[in-house]
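A.B. asks: So that we are looking at the same thing, I have put the structure below in structure tokens.
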Amino acid sequence: MFGFGVLKGMSVTLWNFVLSYVYPKKGMVTVQYPEERKKVEERFRNFPFLVYDGTPDNIRCVACDICAKECPPKCIYIIPEKDEQGRIQKKPATFDIDYAICMNCGICEDVCPFDAIYMDHDYELSEYDRLEDLMYRKEDLLKPAEHFAKIRPNDFARVEAARAAKAGRKGRGAVTSQASSPAKSSAQPQAPSSQVPPGAPSQPS
Amino acid sequence: MEIADKIFVLIKSGILGFLSSFLPAWLVVLARVLLSITAIAIFGPVTMMYLTWLERKVVARIQNRYGPNRVGKFGLLQPIADGIKMLTKEDIVPEAADKPTHFLAPVTVVIPALLIFSVIPFGRGMVAVDLNVGILFFLAVSTLTTITIFMGSWGSRNKFSLLGGMRAVAQMISYEIPMVLSVVPVILATGSLSTVAMVEAQTGGKWFFFTPWGFFGAVVFFLCGVAEVNRTPFDLPEGESEIIAGFHTEYSGMKFALFYMAEFMNAFAVSGITVTLFLGGWHGPFLPSWLWFLIKCYALIFIMIWFRGTLPRFRVDQLMGFAWKFLVPFTLFNIFVGALWVMFPAPKNLYISLGAEIVSLVIVCLASRKDAPKKRNYVYAS
Chain R
26 MFGFGVLKGM SVTLWNFVLS YVYPKKGMVT VQYPEERKKV EERFRNFPFL VYDGTPDNIR
86 CVACDICAKE CPPKCIYIIP EKDEQGRIQK KPATFDIDYA ICMNCGICED VCPFDAIYMD
146 HDYELSEYDR LEDLMYRKED LLKPAEHFAK IRPNDFARVE AARAAKAGRK GRGAVTSQAS
206 SPAKSSAQPQ APSSQVPPGA PSQPS
Chain H
16 MEIADKIFVL IKSGILGFLS SFLPAWLVVL ARVLLSITAI AIFGPVTMMY LTWLERKVVA
76 RIQNRYGPNR VGKFGLLQPI ADGIKMLTKE DIVPEAADKP THFLAPVTVV IPALLIFSVI
136 PFGRGMVAVD LNVGILFFLA VSTLTTITIF MGSWGSRNKF SLLGGMRAVA QMISYEIPMV
196 LSVVPVILAT GSLSTVAMVE AQTGGKWFFF TPWGFFGAVV FFLCGVAEVN RTPFDLPEGE
256 SEIIAGFHTE YSGMKFALFY MAEFMNAFAV SGITVTLFLG GWHGPFLPSW LWFLIKCYAL
316 IFIMIWFRGT LPRFRVDQLM GFAWKFLVPF TLFNIFVGAL WVMFPAPKNL YISLGAEIVS
376 LVIVCLASRK DAPKKRNYVY AS
């Protein structure tokens, strides 16, 4: 019978109208953004940060430049620190990331052999100036390891276990026995956190 | 209760009494007219502003959203923000446009919308002009919108505008006929063309909506009214997926807003006339009469918005076919049924007219079955 489809459709919309008042949890899809936010998944990634242990001087990064070389859009710029004699120290003097160029791929996190750089959950990074404001200096990038533990607890547990194992091997003097496996990048993100992670990657020569 | 019912009448007579203490008699007569005009000129645009708010809210709720809720509590100041935005926007007139026509169309489109308000009885004794041809006045004036819309579309010198204007003229003239025909039984039953007399005839819960001819007449009249004010599902003149915005493609800023104002005021006026003709006007228990009128009016406007939130747009041939092949014959039968109702005495006329109504409905449905859209089989959907 012609016409009943119209009534059926109108009952659906009326039901949605009523439901949005009596049971907004199911009848509403809007997230009132500035007041409330959607929960971000653990593997969500947006813009890297640099990890330090304890105090900001105790930075994990050794200025090895691997992330800068691997970065597809080349948005990382590193200058290592030098002492009075001009010898290169294992510490960055300059560590800049240009957010205008960064594409949030997370490759820097994957390739870093020192667990020093990780992707953050912060996505509200709008600025007024696209050159200076979007250029993140070392001081802006530094965040404590506790921040990493807070936003990505599973990844943090896995990384800490791997670091502890590596430290143990280092104590026995068996660091170089591992075959050169830069596969930390590809293998680890898929590995479940319960599994024993693959061994520490070899040091860059 | 008595006071609340007559509050607007009392205010008016109070102001007039105050004025007559120091003004000459002819100025008091002028003031009496001006007071009604002022009240309508304030009520119309304010209603329009809050109808936009209501429409956005209801459609949003239907689509599981919140709607405007940032400007003021519940977004209640949103219409004012919209108004400021519309007033400060650049006014663009196409170079090839017929400039006087292009300018006059949005100005004149508001006039019929405001004129209709003058014959709507908002409450007991609350009608601006008690014309003895009130309903005829409404039918005549509401048709004027067609001319102004066509002025706008022609004056823009834009193909999409012209297409929209053509569609508007065709649609409004087609739907005018069943609209007029569905009013005729009410005139038969009332014996008068005055809107006030029509409300008086429905005293004591004897709404025309509860008679067989009144029920179908109200449905047909309301549908035709929705088509008259170009609202979904009859919004072919401004079908944005086909012809950008139809007749108001080339309008911006306040001129565009005036078209919208006319549309919303017409929507309110059509609801008001439907309430007056079929739903007992301002009659109702306990509450003041004007409040009853507004409640009924807003219920009908809610149905209009509900239509908009639900139904897709008609195809042109479906639209025309619905008016000419279904509504016109059905309303002609409806006049006959109304005449039967008036002719026979009280208990018998219900059965006779109900039977005649059902028979005529079956006849019209069977006759137009050939033209009804076929049920579609979606091959890939199942």
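First to last, the protein sequences are chains R and H.
93 is the number that the working numbering gives to position 68 of the first sequence; each next residue is one higher, with no gaps.
200 is the number that the working numbering gives to position 185 of the second sequence; each next residue is one higher, with no gaps.
From the three backbone atoms N, C-alpha and C, an ideal C-beta is built for every residue, glycine too.
1. When you check each C-beta in the stretch 165-185 of chain R against every C-beta of chain H, which residues fall closer than 8 Å?
2. Going by DSSP in three states, Phe120/R sits in which element: helix, strand or coil?
3. What are the start and end residues of each continuous alpha helix (DSSP H) run of 4 or more residues lying completely inside the stretch 134-195 of chain H, in chain order?
4. CA-CA distance, Ala182/R and Arg155/R?
5. For Asn281/H versus Thr160/H, is the C-beta distance shorter than 8 Å?
6. Answer with yes or no whether the minimum CB distance from Asn41/R to chain H is below 8 Å.
7. Using the beta-carbon count (16 or more within 10 Å), is Phe345/H buried or exposed?
8. Distance cutoff 8 Å, beta carbons only. Does Val47/R sit that close to anything in chain H?
9. Short check: CB of Val73/H to CB of Phe317/H, under 8 Å?
10. Can you tell which of Tyr393/H, Lys389/H and Tyr395/H has its C-alpha closest to the C-alpha of Gly28/R?
11. Using the Cβ count rule (16 or more neighbours within 10 Å means buried), how would you classify Val54/R?
12. Is the beta carbon of Val235/H less than 8 Å from the beta carbon of Pro193/H?
13. Can you confirm whether Glu60/R, when its beta carbon is compared against all beta carbons of chain H, has any partner nearer than 8 Å?
14. Run through chain H and tell me which residues come within less than 8 Å of Val56/R, C-beta to C-beta.
15. Closer than 7 Å by C-beta to Ile259/H: which residues in its own chain qualify, once you throw out the five before and the five after it? Chain order, please.
16. Ordered along the chain, which non-local residues of its own chain (more than five positions away) have a Cβ less than 6 Å from that of Glu70/H?
17. Can you tell me whether DSSP reads Ile142/R as helix, strand or coil?
18. For Thr325/H and chain R, any beta-carbon pair shorter than 8 Å?
19. Kindly indicate which three-state DSSP category Val76/R falls into: helix, strand or coil?
20. CB-CB under 6 Å to Phe152/H, same chain, minus the five flanking residues each way: which ones, in chain order?
21. With a 10 Å radius around its C-beta and 16 neighbouring C-beta atoms as the bar for buried, classify Pro303/H as buried or exposed.
22. Say whether chain H places a C-beta atom closer than 8 Å to the C-beta of Ala208/R.
23. Classify Thr103/H as buried or exposed, calling it buried when 16 or more other Cβ atoms lie within 10 Å of its own Cβ.
24. Mind checking which residues open and close the beta strand (DSSP E) that includes Pro388/H?
25. In the DSSP assignment, what are the bridge partners of Ile101/R?
26. Provide the residue span of the alpha helix (DSSP H) that contains Lys114/H, from first to last.
C.D. replies: This is what the structure holds:
1. The residues in question: there are none.
2. Phe120/R falls in the strand class under three-state DSSP.
3. The alpha helix (DSSP H) runs lying completely inside the stretch 134-195 of chain H and spanning 4 residues or more are 149-170, given in chain order.
4. If you take the alpha carbons of Ala182/R and Arg155/R, they lie about 36 Å apart.
5. Yes, these two residues count as a Cβ contact at 8 Å.
6. Yes, because at least one Cβ of chain H sits closer than 8 Å to the Cβ of Asn41/R.
7. Its Cβ being crowded by 16 or more others within 10 Å, Phe345/H is buried.
8. No, its Cβ sits nowhere closer than 8 Å to a Cβ of chain H.
9. In contact: Val73/H and Phe317/H (Cβ atoms closer than 8 Å).
10. Among Tyr393/H, Lys389/H and Tyr395/H, the Cα nearest to that of Gly28/R is on Lys389/H.
11. Per the 10 Å Cβ criterion, exposed.
12. With contacts defined as CB atoms closer than 8 Å, Val235/H and Pro193/H qualify as a contacting pair.
13. Not one chain H Cβ lies under 8 Å of Glu60/R.
14. Result: empty, since nearest Cβ-Cβ is about 10 Å, beyond 8 Å.
15. Contacts found: Phe175.
16. Result list for Glu70/H: Ile320, in chain order.
17. In the structure shown, Ile142/R adopts extended strand secondary structure according to DSSP, grouped into three states.
18. Answer yes: the Cβ-Cβ gap between Thr325/H and chain R drops below 8 Å somewhere.
19. DSSP places Val76/R in the strand class (E or B) of the three-state scheme.
20. Answer for Phe152/H: Val134 and Leu146, listed in chain order.
21. Within a 10 Å sphere around the beta-carbon of Pro303/H sit 16 or more other beta-carbons, which makes this residue buried.
22. At Ala208/R the pLDDT is 44, less than 50, meaning the model places this residue with poor confidence; the figure from the coordinates comes in the next sentence. Judged by the 8 Å Cβ criterion, Ala208/R is not in contact with chain H.
23. Classification of Thr103/H: exposed, given that the 10 Å Cβ count is below 16.
24. Note, Pro388/H: premise wrong, no beta strand (DSSP E); not H, not E.
25. Residue pairing from DSSP places Ile101/R in a beta bridge opposite Ile122/R.
26. DSSP places Lys114/H inside the alpha helix (DSSP H), whose first and last residues are Lys114 to Ile131.
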